[in-house]
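Input: a single structure, listed below in structure tokens.
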Ligand code: PLP
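Residue numbers (my numbering): 7 to 385.
Laid out in structure tokens, this is it:
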């Protein structure tokens, strides 16, 4: 059996989520837009899921719009801010996910939007003083787009502080919360935001379903045109089994948030200690002692021959993790995040990411495999 330590990429669907989804894929297959009984039943199920999600972040159900994934939700929010809310300047950071960065390039090229990237330090933290200076300039309608937690190195923003700064400066605030929704509590009445997004497969829900929260003051037009689904914000017959699975995954995550968090935090700490004990010269990327996503441990292995093919060798040993390098030559473009934090390109970066399903035995197995990889290289 593989040891799965790549939960920031995607997670295993929870059996209870699957159980909630199956009836929608079997007998209850009505189209939610149909007016007959089967259609109405499907519609009611969607609205129940929408309510569960809205309640989890303390907003109105009418502010939740289902999308096919986090990428679509992010694209829709950014495009809407430019097309419908007159945004002409977007402030962001070079460490955002590509679904933000590539879309910002598109907005710059096709809509003439000014894009400003904040400086980041060697831990991936954005320069908040620079942000304060930028938003003091009111000549252009501005949106700030900053991810809550970085998916590669786990560095987090001070969400409350930045929400407050944007609110006071009358700047729209969009946050890619794909790695943090269902892992942290949110109360959007306390911490206002214009847009946030989520993707079910990052917290034991199915792939192909996500949502966008759009603050009720901000009416935006769709990315996908057609029918009037999702209050005219996203056309197309709803992915009803996905929506029900998403709702169930949210219920399960927020029903045991502290318990899961403690379990995963302990595992990450255990992993870190074991790696320090057994792997000479190992370092960690990100802001581990500060604001850090507890599901992610970005490790930096010394520039030794035994670590050159590390991801490949871990795979052979039955361990699933993710790579990332700062190198920029040839086919391997390298990680834009590692480049932005000026990571040493001669070292090997591996991201281990954990979920409620991982155990200490998984970590022991990982450490054993790493030791073996090293020993075999020495022979
Ligand atoms: N944003 C972040 C921070 C992510 O980690 C991911 C997925 O890796 C996405 C956006 C894209 O989400 P999706 O896979 O649902 O399109």
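Glycine included, each C-beta is placed from N, C-alpha and C at the ideal position.
None of the values given here were measured: they were computed from a predicted structure.
Could you name each continuous beta strand (DSSP E) segment of 3 residues or more that falls completely within the stretch 59-119, going from the start of the chain to the end?
List check, beta strand (DSSP E) in window: 70-73, 95-98.
If you measure from the CB of residue 169, is any heavy atom of ligand 1 nearer than 7 Å?
It does not: the Cβ of residue 169 is nowhere closer than 7 Å to a heavy atom of ligand 1.
Rounded to whole angstroms, what is the Cα-Cα separation between residue 256 and residue 275?
The alpha-carbon atoms of residue 256 and residue 275 are separated by roughly 26 Å.
Going by beta-carbon coordinates alone, are residue 218 and residue 83 separated by less than 8 Å?
Contact: yes.
CB-CB under 7 Å to residue 37, same chain, minus the five flanking residues each way: which ones, in chain order?
Result list for residue 37: 45, 48, 243, in chain order.
Considering only the alpha carbon of each residue, which of 154, 170, 232, 210 lies closest to residue 191?
With distances taken between Cα atoms, residue 191 lies closest to 154.
Do residue 162 and residue 181 have their CB atoms nearer than 8 Å?
Cβ atoms of residue 162 and residue 181: not closer than 8 Å.
Is it buried or exposed, residue 114, if we count other Cβ atoms within 10 angstroms and call 16 or more buried?
Under this definition residue 114 is an exposed residue.
Can you say whether residue 318 is buried or exposed, counting buried as having 16 or more other CB atoms within 10 angstroms of its CB?
Under this definition residue 318 is an exposed residue.
Select from 147, 97, 103, 109 the residue whose C-alpha is nearest the C-alpha of residue 134.
Among 147, 97, 103, 109, the Cα nearest to that of residue 134 is on 97.
Out of curiosity, what's the CA-to-CA distance linking residue 337 and residue 174?
Unreliable positioning characterises residue 337 in this predicted model, as indicated by a pLDDT of 48, which lies under 50. A coordinate reading is not provided.
Quick check on residue 199: buried or exposed, where buried means 16 or more other Cβ atoms within 10 Å of its Cβ?
Burial call: buried.
Assuming residue 18 contacts residue 210 under a Cβ cut-off of 8 Å, what Cβ separation, rounded to an integer in Å, is found between them?
About 6 Å separates the two Cβ atoms, so the contact holds.
Given a cut-off of 8 Å on the beta-carbon distance, is the pair residue 308 and residue 251 in contact?
No, the pair does not count as a contact, with Cβ atoms beyond the cut-off.
Looking at C-alpha atoms only, which residue of 123, 249, 143, 264 is the closest neighbour of residue 28?
Checked all of 123, 249, 143, 264; the closest Cα to residue 28 is 249.
Between the beta-carbon of residue 123 and the beta-carbon of residue 100, is there less than 8 Å?
A contact, by the Cβ cut-off of 8 Å.
If we call anything under 8 Å between Cβ atoms a contact, is residue 94 one with residue 147?
In contact: residue 94 and residue 147 (Cβ atoms closer than 8 Å).
How about residue 207 and residue 16: are their beta carbons less than 8 Å apart?
Yes. Within cutoff.
Looking at residue 75: is its Cβ nearer than 8 Å to the Cβ of residue 216?
Yes, these two residues count as a Cβ contact at 8 Å.
Can you tell me which of the three DSSP states residue 370 falls into?
Correct three-state label for residue 370: helix.
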